[in-house]
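**Q** Protein chains in written order, with this note's numbering: chain A, 24 to 210; chain B, 24 to 210.
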DNA sequence: GTAATTATTTATCATAAGATAAATAAACCG
DNA sequence: CGGTTTATTTATCTTATGATAAATAATTAC
């Protein structure tokens, strides 16, 4: 739990009482490499914090597997389109390395907001940050060539190339696996 | 102000005292068609609510004007990458029709969060909603052809085609103006 | 209302990236 | 360890979209 609170403390202070309240609704989870943490079709009712390992969110489009995003140590993983709408998610969370996570019951977590405004504030700031990242990502996709996007990834998230199979990276970059391979060959 | 509070009430209830506090830090603004409401390089310190008219956020990439997003009546306009980081924005807000807005001082607005948790809650939910829309938009860009993206826009936001000049729509869809024109001709 | 500006379309040519298939290379499993 | 599966690369061919230029249409300003 310590990693989680260290992460939270970057957004706003959280008194001990609030920490205890969160600890009471959280569980440690271990998942082996390549297993899905959440399946497509399940409604997102858990806020995950990745302590150790690597994960991705993906979905299927015409039977093709498309990676929406990657998650590394010390990050929150939620399927926002489901968590914030209450609708079943079209997306799955898959772990790409053996992983240790903290699972927080989202209903109970949201219920804490009334008693602990600090928790609501931290969560708000986490979402604000995620929102900004997503906006920036659109910009990165919009008018960059496949090669520029690959180079940008190497620069901004070199871990991705090192730790993630290329087949998952290609769709994340919005290109085919074959195209990514071609780009890599031209370097 | 009434339009703003009606909009807010969709997210969470807001007592009269909170409304008055917001009214006290807000101003009505009128801007003529095609004028910039905020310039590139300014730090975002205002939360706008569009009462009447139409606006867009745009930025320049290699001297090319790229539309990030469009905003219609009854929506909040902020340059999130600046508002949430405190850094100067690389983006401008331009009004595409004569517009009526409510301008809320963001510093003062955020300061209200401590006294009125309801306001923080409303704002959090607004950002959550915007975040989900942005995630969905990435999905729409990622593996759709230019034509599919154009068709999707006609379907999900027909107002855009009716009210916005095509030159602004093209970059929003991630394609050139010429390409958009070609797509329209093939229908 | 006419000229000047700006937006949109059309045409031509070039190219990045998709589709498909096959060859290697790497990872996994009994 | 050897065989099987899975991932990555390479090759060929096709196509959607970009770049550029020019024509037409619409809007704006005097």
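Every residue gets a Cβ at the ideal spot worked out from N, C-alpha and C, and that includes glycine. Owing to the predicted nature of the structure, the values given are computational and were not obtained by experimental measurement.
Relative to the C-alpha of residue 47/B, which candidate in 154/B, 206/B, 131/B has its C-alpha closest?
**A** 131/B
**Q** Bridge partners of residue 51/A, per DSSP?
**A** 125/A
**Q** Quick check: what's the CA-CA separation for residue 105/A versus residue 152/B?
**A** 11 Å
**Q** Could you confirm whether any beta carbon from chain B is found closer than 8 Å to the beta carbon of residue 101/A?
**A** no
**Q** Look at the Cβ atom of residue 118/A, then the Cβ atom of residue 58/A, and state whether they are nearer than 8 Å.
**A** Yes, the pair counts as a contact, with Cβ atoms nearer than the cut-off.
**Q** Please state whether the Cβ-Cβ distance between residue 82/B and residue 114/B is less than 8 Å.
**A** yes
**Q** Against chain B, with Cβ distances strictly below 8 Å, would residue 38/A count as a contact?
**A** no
**Q** Would you mind working out which of 144/B, 90/B, 116/B, 196/B sits nearest residue 35/B, comparing C-alpha positions?
**A** When only C-alpha atoms are compared, the closest one is 144/B.
**Q** What in chain A is Cβ-close to residue 131/B, meaning under 9 Å?
**A** The contacting residues do not exist; residue 131/B stays about 17 Å from chain A at best.
**Q** Taking buried to mean at least 16 other C-beta atoms within 10 Å of its own C-beta, is residue 178/B buried or exposed?
**A** By the neighbour-count rule (16 or more Cβ atoms within 10 Å), residue 178/B is not buried but exposed.
**Q** By the criterion of Cβ-Cβ separation under 7 Å, what are the contact partners of residue 84/B in chain A?
**A** Those are 166, listed as they occur along chain A.
**Q** With a cut-off of 8 Å, does the C-beta of residue 94/B fall near any C-beta of chain A?
**A** no
**Q** Within its chain, find whatever has a CB closer than 7 Å to the CB of residue 91/A; leave out the 5 residues flanking it on each side and keep chain order.
**A** Closer than 7 Å at Cβ, skipping near neighbours: 80, 81, 82, 114.
**Q** Go ahead and label residue 141/B buried or exposed: buried means 16 or more other beta carbons lie within 10 angstroms of its beta carbon, across all protein chains shown.
**A** buried
**Q** Let me confirm a value: residue 187/B is counted as buried when at least 16 other C-beta atoms fall within 10 Å, else exposed. Which label applies?
**A** buried
**Q** Would you mind telling me which residues of chain B sit closer than 8 Å to residue 160/A, beta carbon to beta carbon, in chain order?
**A** Going along chain B in sequence order, the residues near residue 160/A (Cβ under 8 Å) are 161.
**Q** For a contact meaning CB atoms closer than 9 Å, what does residue 116/A contact in chain B?
**A** Neighbours of residue 116/A across chain B, judged by C-beta separation under 9 Å, do not exist; the nearest C-beta is about 14 Å away.
**Q** Going by DSSP, what residue range makes up the beta strand (DSSP E) through residue 100/B?
**A** From DSSP, the beta strand (DSSP E) with residue 100/B extends over 98–100.
**Q** Closer than 6 Å by C-beta to residue 60/A: which residues in its own chain qualify, once you throw out the five before and the five after it? Chain order, please.
**A** By the criterion of a C-beta distance shorter than 6 Å, residue 60/A is surrounded in its chain by 54, 116, 118, once the five residues flanking it on both sides are discounted.
**Q** Taking Cβ to Cβ, would you say residue 44/B is nearer than 8 Å to residue 135/B?
**A** yes
**Q** Counting only Cβ pairs nearer than 8 Å, list the residues of chain B close to residue 157/A.
**A** 154, 157, 158, 161
**Q** Within 10 angstroms of the Cβ of residue 74/A, are there 16 or more other Cβ atoms? Answer buried if so, exposed if not.
**A** buried
**Q** Strictly under 8 Å for the Cβ-Cβ distance: is residue 26/A near chain B by that measure?
**A** no
**Q** Classify residue 33/A as helix, strand or coil using the three-state DSSP reduction.
**A** coil
**Q** Of all Cβ atoms in chain A, is any one closer than 8 Å to the Cβ of residue 72/B?
**A** no
**Q** Could you give the first and the last residue of the continuous beta strand (DSSP E) run that contains residue 71/B?
**A** 69–75
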